[in-house]
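Student: Let me begin by handing over the structure; questions about it come next.
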Amino acid sequence: MALPPSMLQTICFLYAALLLLSSSSADPIRQQYVVYMGSSSSSANGGEFAPESAYLQMLSSVTESDDGGEMGLVRRYQHAFRGFSAMLTEDQASALSGQEGVISVFPDPILKLHTTRSWDFLESMSGLSNLMSSSNSSSSSTSGHHIYGVPSPRRDVIIGVIDTGIWPESPSFIDEGIGEIPSRWKGICMEGSDFRKSNCNRKLIGARYYGTERTYNDNKTHSSKPKGSPRDTVGHGTHTASIAAGSPVANASYYGLARGTAKGGAPSARIAVYKACSEDGCSGSTLLKAIDDAIADGVDFISISIGMSSTFQADFLEDPIAIGAFHAQEKGVTVVCSAGNEGPQLNTVVNSAPWIFTAAASNIDRDFQSTLVLGDGRTFNVRCKYFLLLNLMFNAMEIMLRALFLLLWEFSSNCYPGSLDRNKVAGKIVVCVASDFSISRRIRKMVVEDARGRGMILVNPEDTGVPFDSGTFPFIEVGGRYGTSILKYMNSTKNPKGTILAAVDVPGYRPAPSVAYFSSRGPGPLTENILKPDVMAPGVSILAAFPPKNVTGTVPAGEKPSWYALKSGTSMACPHVTGAAAFVKSVHPKWSPSMIKSALMTTGNLCCYTLIIVMINLSKLEPIF
């Protein structure tokens, strides 16, 4: 019996759809891979080995395109090591991995950023404060000695910072009193849409950026010009660069907090920036390209406050930072990296390759404190996990928030998104109880703000010791003991009231130094027989340069955006170590990376409690000068 025409049409349609689906599903997915081929070679005449044609030939051998592999090539590495990154299918990557000369082929990973008084603290720990004050009056340009009482630097040191770029107009990057750019410098100052060659100077001597190096349109044509500029719109790179080598800037502060002289560890050092990251992170292939360029440009140090996740750590032959750092060490370039912010659990340290100088984070002897005054007159002095700025919005020195407390139980008590009733919360100080640690403080603060709360008290039994910048929104965090007292008071009266006072500096905080709660711990999962991190340096509430961004909720009324910010993380510890290492290199220009690393590790102070961590000690370096 013949099928009805409508049924026949339906069958034909379904058959065509299945063919279309099968053909589309058969189309393999392409993603970016890194092909690593080991140390670079040189031509017979001493020139640089330029292997792009060889890379294209390799690509064409595993692809079916008629462009000779050119369309798939994204980046090539040619200075300190050989290799390239390309858009490949899984099968093509597997085929390349078996070719002669290929050491490893791996998917291009995305790495994340490990987001003043700190140098004064190191000096005071080392017993150098008195030495500084006594030598300031006696030292001069002809004395041949640094203010620490040790020989003056005899060589310009160049620090390469691979990060999110730089804000060149910051006072921390002025070149007053700095000599001409070293003749050995081979780098460039790339221009972009908002960055000119004139933004570089004798302090900031180089700037590169890495956008999409080859962009394609519908006609499959490409351009080798990267998009963007070296300018830092995130702030992370500006902050880390100024910690390592920022020029001294007197009276720097974050809206009055942490006021003092902001300076880098090696203020006479030169800075070269390599913008390889955005707020979303950094691709491994771009990091490799930045390291390769930095080595060729002639840097002495590379500072990298970036790392992979500790959840799954790739083998060293598939870790872009480990690969790049290995070849940098071969060329005499010291690479300093952050240990990660996934503590206090063990085996969370990243950047743990033996040839990397890995930095953990500590606090310093300055903290921030706010006072909560209850309606019955009791006061609670709490460590400030935020930087309250509302005192600048009023004539009074204190903020009097005479508002009702509001306690919300069960779902609302954690301040989950969507859990607060704006009619009940508006104009009140909201008390949130942190029983679910999957919700960050930042999210809770946003929830209360969206509900028009006037302030927030977070009762958190786990004291992480990690400062939190809540901008102009009053936010304090209390431990379980204080939290219990606050809740008892609220239950004892029908009209609970409270006052949150402005945040203030608290110098002389103890214990300091101590390992920051968030700082990743060792041993490294890939090298458990090697102690990591190598050294500890300040990384909590560090005042350093920052782009003056006018973001709602972060700038007090009547104030301009700050040129400085307080940030925490092993990202901040890393450039402290870089700066100290650069100081050593400036006096001992012939020392190798291993000698510099050994000098800092063997002269540091053992710290802290049951943890064997070395805190850099500037004074103990004196005998080696």
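For the sequence shown, the positions run -26 to -1, 1 to 599 when mature numbering (1 follows the signal peptide of the UniProt record, and there is no 0) is used. Glycine included, every Cβ here is placed at the ideal spot set by N, Cα and C.
(1) Below 8 Å on the Cβ atoms is my contact criterion, and I expect V514 with V356 to pass it. Report the Cβ-Cβ distance as a whole number of Å.
(2) When burial is assigned at 16 or more other CB atoms within 10 Å of the CB, is A181 buried or exposed?
(3) Assign F449 to one of two classes, buried (16 or more other C-beta atoms within 10 Å of its C-beta) or exposed (fewer than that).
(4) In whole angstroms, what separates the C-alpha of T552 from that of A400?
(5) When you compare the CB positions of S13 and F55, do they come within less than 7 Å of one another, or not?
(6) Which value, in whole angstroms, describes the spacing of the CA atoms of W159 and S242?
(7) Could you give the DSSP three-state label for F284: helix, strand or coil?
(8) Judging by CA-CA distance, which residue of D271, E150, Y248 is the nearest neighbour of P156?
(9) Going by beta-carbon coordinates alone, are A236 and V247 separated by less than 7 Å?
(10) If I measure Cβ to Cβ from V324 and keep anything under 7 Å in the same chain, skipping five residues before and after, which residues do I get?
(11) Tell me the DSSP secondary structure of D293 in three-state form.
(12) With respect to the beta strand (DSSP E) encompassing I245, which residues constitute its N-terminal and C-terminal limits?
(13) Restricting to Cα atoms, I'd like to know which of Q52, R49, I136, P391 is closest to S252.
(14) Between which two residues does the beta strand (DSSP E) carrying P512 extend?
(15) Once the 5 residues before and after I570 are set aside, which same chain residues still bring their CB inside 7 Å of it?
(16) Name the residue from S279, L348, A477 whose alpha carbon lies nearest to the alpha carbon of Y228.
(17) Within this structure, are the beta carbons of I203 and G166 separated by less than 7 Å?
(18) CA-CA distance, I338 and L231?
(19) One question on the structure: do A327 and M510 come within less than 7 Å of each other, judged by their Cβ atoms?
(20) My output table needs one value for T184: the three-state DSSP class, helix, strand or coil.
(21) Does the Cβ of Q303 have 16 or more other Cβ atoms within 10 Å, making it buried, or fewer, making it exposed?
(22) Give the DSSP bridge partners of N503, in chain order.
(23) Buried or exposed for G220, going by 16 or more other Cβ atoms inside 10 Å?
(24) Output the boundary residues of the alpha helix (DSSP H) element that contains R455.
(25) Give me, in chain order, the residues of the same chain whose beta-carbon lies closer than 7 Å to that of Q73; leave out the 5 immediate sequence neighbours on both sides.
(26) Of all the options N397, T458, R233, which has the alpha carbon lying nearest to the alpha carbon of S536?
(27) DSSP state of G12, grouped into three classes?
(28) What runs of the alpha helix (DSSP H), each 4 residues or longer, lie entirely inside the stretch 62 to 91?
(29) Which of the three DSSP states, helix, strand or coil, is assigned to I403?
(30) Under three-state DSSP, which class holds S198?
(31) On the DSSP bridge list, what partners appear for Y7?
(32) Determine the extent of the alpha helix (DSSP H) in which R428 is found, giving its start and end residues.
(33) Let me know if L320 comes out buried or exposed under the rule of 16 or more other beta-carbons within 10 Å of its beta-carbon.
(34) For G161, count neighbouring Cβ atoms within 10 angstroms of its own Cβ and tell me buried if that reaches 16, exposed if not.
(35) Once the 5 residues before and after P549 are set aside, which same chain residues still bring their CB inside 6 Å of it?
(36) Between D82, K305, E38, which has its C-alpha nearest residue 600's C-alpha?
Tutor: In this structure, then:
(1) In the sequence shown, counting from the first residue as 1, residue 514 sits at position 540. In the sequence shown, counting from the first residue as 1, residue 356 sits at position 382. The pair is not a contact, with the Cβ atoms about 16 Å apart (cut-off 8 Å).
(2) Here residue 181 is taken as the residue at index 207 of the sequence shown, counted from 1. Residue environment for A181: buried (at least 16 other C-beta atoms within 10 angstroms of its C-beta).
(3) Against the sequence shown, residue 449 aligns to sequence position 475. A residue is called buried once 16 or more other Cβ atoms fall within 10 Å of its Cβ, and F449 is buried on that count.
(4) Here residue 552 is taken as the residue at index 578 of the sequence shown, counted from 1. Here residue 400 is taken as the residue at index 426 of the sequence shown, counted from 1. Straight-line Cα distance between these residues: approximately 47 Å.
(5) For this step, residue 13 is matched to residue 39 along the sequence shown. For this step, residue 55 is matched to residue 81 along the sequence shown. In contact: S13 and F55 (Cβ atoms closer than 7 Å).
(6) For the purposes of this step, residue 159 is taken as the residue at position 185 of the sequence shown. For the purposes of this step, residue 242 is taken as the residue at position 268 of the sequence shown. W159 and S242: Cα-Cα distance of roughly 16 Å.
(7) For the purposes of this step, residue 284 is taken as the residue at position 310 of the sequence shown. Before going on, a small fix: residue 284 reads as Ser here, not Phe. Of the three classes helix, strand and coil, the one that applies to S284 here is coil, per DSSP.
(8) To locate residue 156, count along the sequence shown from 1; it is residue 182. Distance check between P156 and each of D271, E150, Y248 places D271 closest, using alpha-carbon atoms only.
(9) Looking up residue 236 in the sequence shown gives position 262. Looking up residue 247 in the sequence shown gives position 273. Not a contact, by the Cβ cut-off of 7 Å.
(10) Taking the sequence shown and counting its residues from 1, one reaches residue 324 at position 350. Spatial neighbours of V324 in its own chain (CB-CB distance under 7 Å, excluding positions within 5 residues in sequence) are listed in chain order as G281, M282, S284, Q287, A313, G314, S494.
(11) Against the sequence shown, residue 293 aligns to sequence position 319. D293: coil per DSSP, three-state reduction.
(12) Looking up residue 245 in the sequence shown gives position 271. Its beta strand (DSSP E) spans residues 244 to 249.
(13) Taking the sequence shown and counting its residues from 1, the one referred to as residue 252 is at position 278. Of the listed residues, the one whose Cα sits closest to S252 is I136.
(14) Taking the sequence shown and counting its residues from 1, one reaches residue 512 at position 538. Note, P512: beta strand (DSSP E), 509 to 512.
(15) Residue numbering aside, residue 570 sits at position 596 when the sequence shown is read from its first letter. Closer than 7 Å at the Cβ level, and outside the excluded window around I570, lie T308, A555, V558, K559.
(16) Numbered from 1 along the sequence shown, position 254 holds the residue referred to as residue 228. Among S279, L348, A477, the Cα nearest to that of Y228 belongs to A477.
(17) For the purposes of this step, residue 203 is identified with residue 229 of the sequence shown, where counting begins at 1. For the purposes of this step, residue 166 is identified with residue 192 of the sequence shown, where counting begins at 1. The identity of residue 203 in the sequence shown is Ser, whereas the question assumes Ile. In terms of Cβ geometry, S203 and G166 form a close pair [threshold 7 Å].
(18) Here residue 338 refers to the residue found at position 364 when the sequence shown is read from its first residue. Here residue 231 refers to the residue found at position 257 when the sequence shown is read from its first residue. Distance between the alpha carbons of I338 and L231: 15 Å.
(19) Looking up residue 327 in the sequence shown gives position 353. Looking up residue 510 in the sequence shown gives position 536. The answer is no: Cβ separation not under 7 Å.
(20) Taking the first residue of the sequence shown as position 1, residue 184 is located at position 210. According to the sequence displayed, residue 184 carries Tyr and not Thr. Here Y184 sits in coil by DSSP.
(21) Taking the sequence shown and counting its residues from 1, one reaches residue 303 at position 329. Q303 is buried by the Cβ-count criterion.
(22) As a first step, residue 503 must be located in the sequence shown, where it is residue number 529. In DSSP, N503 forms no bridge with anything.
(23) Looking up residue 220 in the sequence shown gives position 246. G220 sits buried, since 16 or more C-beta atoms from the chains shown fall within 10 Å of its C-beta.
(24) On the sequence shown, position 481 is the one that residue 455 refers to. Where R455 is concerned, the enclosing alpha helix (DSSP H) starts and stops at 454 to 465.
(25) Your numbering for residue 73 matches position 99 in the sequence shown. Here the set comprises M32.
(26) Sequence index remark: in the sequence shown, residue 536 carries index 562 (1-based). The shortest C-alpha separation from S536 is found at R233.
(27) Taking the first residue of the sequence shown as 1, we reach residue 12 at position 38. Correct three-state label for G12: strand.
(28) Counting only runs of 4 or more, we get 64 to 71.
(29) Indexing the sequence shown from 1 puts residue 403 at position 429. The three-state secondary structure of I403, taken from DSSP, is strand.
(30) Numbered from its first residue, the sequence shown carries residue 198 at position 224. Any reading at S198 is ruled out, since the residue's pLDDT is 46, under 50, leaving its predicted position unreliable.
(31) Translated into positions along the sequence shown, residue 7 becomes position 33. Paired residues: A60, P81.
(32) The residue labelled residue 428 in the question sits at position 454 within the sequence shown. For R428, no alpha helix (DSSP H) run applies, since DSSP gives it neither H nor E.
(33) Residue mapping note: residue 320 aligns to position 346 of the sequence shown, counting from 1. It is exposed - the Cβ of L320 has fewer than 16 other Cβ atoms within 10 Å.
(34) Here residue 161 refers to the residue found at position 187 of the sequence shown. Buried, since its Cβ has 16 or more Cβ neighbours within 10 Å.
(35) For this step, residue 549 is matched to residue 575 along the sequence shown. Hits under 6 Å: T214, I217, A218, S277.
(36) Beyond the ends of the chain as shown, which are -26 and 599, falls residue 600; an answer cannot be given.
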